[in-house]
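Contents: one structure, followed by commentary.
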Amino acid sequence: MLDFTDRATLPDAPREFGFWSDGSWRKGRAMFERRSPGHGVAVTLTPKCTVDDLNAAVAAARRAFEDRRWAGLPGADRAAVLLRTADILRRRRDEIAYWEVLENGKPISQARGEIDHCIACFEVGAGAARLLHGDSFNSLGDNLFGMVLREPVGVVGLITPWNFPFLILCERIPFILASGCTVVVKPSEVTSATTLLLGEILSEAGAPDGVYNVVTGSGRTIGQALTEHPDVDMLSFTGSTSVGRSCVHAAADSNFKKLGLELGGKNPIIVFADSDLEDAADGAAFGISFNTGQCCVSSSRVIVERSVAREFEEILAAKMAKIVVGDPLQTKTQVGAITTDAQNSIILGYIDKGKAEGATLVAGGQALDLGGGQYIVPTLFSGVTPAMSIARDEIFGPVLSSFHFDTLEEAVSLANDTVYGLAASVWTKNIDKALVVTRRVRAGRFWVNTIMAGGPEMPLGGFKQSGWGREAGMYGVEEYTQVKSVHIEIGKRAHWIK
Ligand code: TXE
């Protein structure tokens with residue numbers, strides 16, 4: 006029996022999972038072995054599904070949608086399933102966090118906090134299921150009454166990445182299910198375990214068979230086939246901008262499925278001289294180190310007023326040096342392992358490029374060898390100029406670039422000097438500056454004197470090349486609906502042919 010508490014240890018052998026389709030576990034014909042990025046040992050085996058497995062899952066989701074076993078329920082009944090799911094997640098919190106740590110490499114205390122957030126997502130989703138409604142028009146004259154119905158889009162395909170396997174899933178699933186849609190999920194091949202576990206949890210909570218299905222496997226085969234599937238009505242994709250672009254092509258070339266996209270970010274954090282510099286430095290250190298910077302809303306560019314730049318960077322570097330990097334199963338760890346070998350090489354490559362392009366390394370910069378895992382110390386570069394690759398590209402690792410500005414105009418222009426627009430923050434004690442910057446920076450999520458705060462009541466999503474649409478809250482559930490205009494004649498209709 007595995008122990009999921011603070012004394013958690015590695016499993017003796019990798020745990021084997023099936024895939025989840027039409028309400029039950031199915032056996033995979035070939036398996037993918039996942040090694041813990043923090044420990045280097047095999048921890049899970051998940052199926053390499055075939056396109057036939059995917060087609061069967063889509064067919065199950067289609068049946069479950071068309072016979073109205075889910076969409077036909079009162080919102081209160083869907084809400085009850087979502088609330089029971091939240092209860093089961095509360096009970097199984099430490100176990101889900103454990104598998105998340107072993108496949109992803111994130112620290113156990115962070116993973117547990119994420120599951121708490123997921124529980125909140127299901128509770129907010131339950132509220133959304135009951136509150137979802139359309140509109141009416143009582144202004145069309147005495148002979149006509151108009152209603153706008155919100156109807157579920159249908160079968161949704163959901164493709165998720167490896168950085169927040171369960172959190173990103175739970176920022177979408179409760180809202181997809183609240184709308185009455187059914188879903189086929191394709192998680193990242195390296196972090197599929199917790200997405201699979203949600204199948205049996207939703208089933209225990211009372212979700213009918215076929216409402217939630219998971220097919221595991223590679224992006225190139227299963228992911229691509231899902232994006233091209235003619236019987237999928239909508240696709241929600243979170244991942245790289247390049248695969249996001251291929252989703253747009255696949256949708257156009259198949260059935261014009263509706264798309265929701267959450268893609269990359271290169272998020273600015275603007276620090277004015279009148280801010281509390283300790284607070285801002287703490288926010289910047291957290292913003293770049295949380296989830297080892299493998300986070301779409303990581304604040305990877307700090308834009309600091311020149312008059313305090315040196316002082317600020319000293320405070321920030323001192324804080325970054327105190328961050329506890331290490332074994333993700335230890336509760337004191339703040340920064341765990343880099344999730345994949347490929348990502349580890351990408352991040353180290355950018356650290357080399359930063360040095361080669363002439364930026365000054367102020368903190369970190371080195372990889373750590375901690376007994377079989379792959380770790381990178383949170384890194385700060387100063388003297389970064391807008392043309393450098395560390396200034397422009399989404400590194401997706403704990404590498405922060407510092408820029409300096411003299412005027413508010415310059416700060417806003419540096420902040421907006423990116424193809425992305427996912428998140429941003431500003432630090433100042435001056436309300437006028439805070440509001441001007443909030444209005445002028447183009448980003449879907451914005452924080453003033455804080456960072457990464459918020460809950461599933463608030464919408465998530467990006468401007469510019471960071472994506473299309475919004476997830477979570479009432480905005481999120483509405484994305485999974487389409488509106489129908491209904492016109493009702495009152496009394497006798499005037500005849501066209503007299
Ligand atoms: O992402 P991919 P990767 C960025 C980050 C990172 C880079 C590459 O910069 O360095 O992307 O990461 C599935 N059709 N982000 O390669 O490939 C894949 O199996 C359909 C930012 O892991 O986009 C997985 O389930 N699906 C991002 C999902 O897409 C395909 C989070 C994401 O993988 C597919 C992750 C295809 N052709 C990476 N190819 C963020 N901003 O949150 C792959 N997939």
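Start counting the sequence shown at 6; every next residue gets the next number (the numbering used here). Ideal Cβ placement from N, Cα and C applies to all residues, glycine included. Being a predicted model, the structure only gives us computed values, none of them experimental.
Under a Cβ-count criterion, where at least 16 other Cβ atoms within 10 Å of its own Cβ denotes burial, should residue i be classed as buried or exposed?
i      : result
Arg498 : exposed
Val329 : exposed
Lys337 : exposed
Asn143 : exposed
Gln371 : exposed
Ala183 : buried
Ala326 : exposed
Glu194 : buried
Arg311 : exposed
Pro273 : buried
Lys111 : buried
Glu476 : buried
Thr390 : exposed
Ala62  : buried
Leu137 : buried
Gly159 : buried
Lys324 : buried
To the nearest angstrom, how far is it from the Cα of residue i to the Cα of residue j?
i      : j      : result
Ile275 : Phe180 : 33 Å
Val56  : Gly33  : 12 Å
Glu505 : Gly472 : No answer is possible for residue 505: the residues shown for the chain start at 6 and end at 503.
Ser303 : Gly270 : 8 Å
Thr232 : Gly467 : 21 Å
Val340 : Ala131 : 33 Å
Met6   : Gly228 : With a pLDDT of only 46 at Met6, under the threshold of 50, the placement of this residue in the model should not be trusted; the figure read from the coordinates follows. The alpha-carbon atoms of Met6 and Gly228 are separated by roughly 34 Å.
Glu105 : Val491 : 46 Å
Ile395 : Asn421 : 16 Å
Phe317 : Ala428 : 22 Å
Ala13  : Tyr103 : 8 Å
Ser305 : Tyr217 : 35 Å
Thr187 : Ser251 : 23 Å
Ile343 : Ala64  : 37 Å
Val237 : Asp121 : 31 Å
Ala134 : Val307 : 39 Å
Cys518 : Phe295 : Any property of residue 518 remains undetermined from this structure, which presents the chain solely from 6 to 503.
Glu108 : Val248 : 22 Å
Gly211 : Gly426 : 39 Å
Determine the extent of the beta strand (DSSP E) in which residue i is found, giving its start and end residues.
i      : result
Tyr217 : Tyr217 to Val219
Gly265 : Lys263 to Glu267
Ala18  : Premise fails: Ala18 is in no beta strand (DSSP E) and is neither H nor E.
Asn272 : Asn272 to Val276
Thr384 : Thr384 to Ser387
Glu476 : It is not in any beta strand (DSSP E) - Glu476 carries neither H nor E in the DSSP assignment.
Ala368 : Thr365 to Ala368
Phe127 : No beta strand (DSSP E) holds Phe127; the alpha helix (DSSP H) holding it covers Ile113 to Leu136.
Ser184 : Where Ser184 is concerned, there is no enclosing beta strand (DSSP E), although the alpha helix (DSSP H) it sits in stretches over Ile178 to Ser184.
Gly43  : Segment: none, Gly43 is in no beta strand (DSSP E) and carries neither H nor E.
Arg306 : Ser304 to Glu310
Thr51  : Ala47 to Pro52
Trp432 : Ala428 to Trp432
Between residue i and residue j, which are expected to be in contact by the criterion C-beta below 8 Å, what is the C-beta distance as a whole number of angstroms?
i      : j      : result
Met239 : Tyr480 : Between Tyr480 and Met239 the Cβ distance is about 15 Å, and since that is not below 8 Å, they are no contact.
Gly298 : Pro403 : 4 Å
Asp214 : Ala69  : 7 Å
Ala198 : Phe22  : 6 Å
Within a Cβ cutoff of 6 Å, which residues of the same chain sit near residue i, ignoring the five residues on either side of it in sequence?
i      : result
Asp279 : Thr433, Lys434 and Asn435
Thr165 : Ile173, Leu174, Pro192 and Thr243
Phe5   : Given a span of 6 to 503 for the chain in the structure shown, any question on residue 5 remains unanswerable.
Ala256 : Lys262 and Leu264
Gly288 : Ile456
Gly369 : Val382, Pro383 and Thr384
Near residue i, what residues of its chain come up, given a Cβ to Cβ distance below 7 Å and the 5 sequence neighbours on each side ignored?
i      : result
Lys438 : Phe277 and Leu413
Trp2   : The structure shown does not extend to residue 2, since the chain is modelled only from 6 to 503, so the question has no answer here.
Glu462 : Val129 and Gly478
Gly292 : Ile274, Ser303, Ser304, Ile456 and Met457
Determine the extent of the alpha helix (DSSP H) in which residue i is found, giving its start and end residues.
i      : result
Ile254 : According to the sequence provided, residue 254 is His. The question's Ile does not apply to it. Taken as a continuous stretch (DSSP letters only), the alpha helix (DSSP H) holding His254 covers Thr246 to Asp258.
Val56  : Val56 to Glu71
Val446 : No alpha helix (DSSP H) holds Val446; DSSP gives it neither H nor E.
Gln487 : From DSSP, Gln487 is part of no alpha helix (DSSP H) but of the beta strand (DSSP E) over Thr486 to Glu494.
Thr511 : Only positions 6 to 503 of the chain appear in this structure, which leaves residue 511 out of reach.
Gly33  : Premise fails: Gly33 is in no alpha helix (DSSP H) and is neither H nor E.
Ile173 : Pro170 to Cys175
Lys360 : Asp346 to Ala361
Spatial neighbours of residue i within its chain, please: CB distance less than 8 Å, with the 5 preceding and 5 following residues excluded, ordered by chain position.
i      : result
Val313 : Val276, Ala278 and Leu282
Ile495 : Asp147, Asn148, Leu149 and Phe150
Ile567 : The displayed coordinates of the chain run from 6 to 503. Any statement about residue 567 would go beyond what the structure contains.
Arg40  : Val46, Ala47 and Val48
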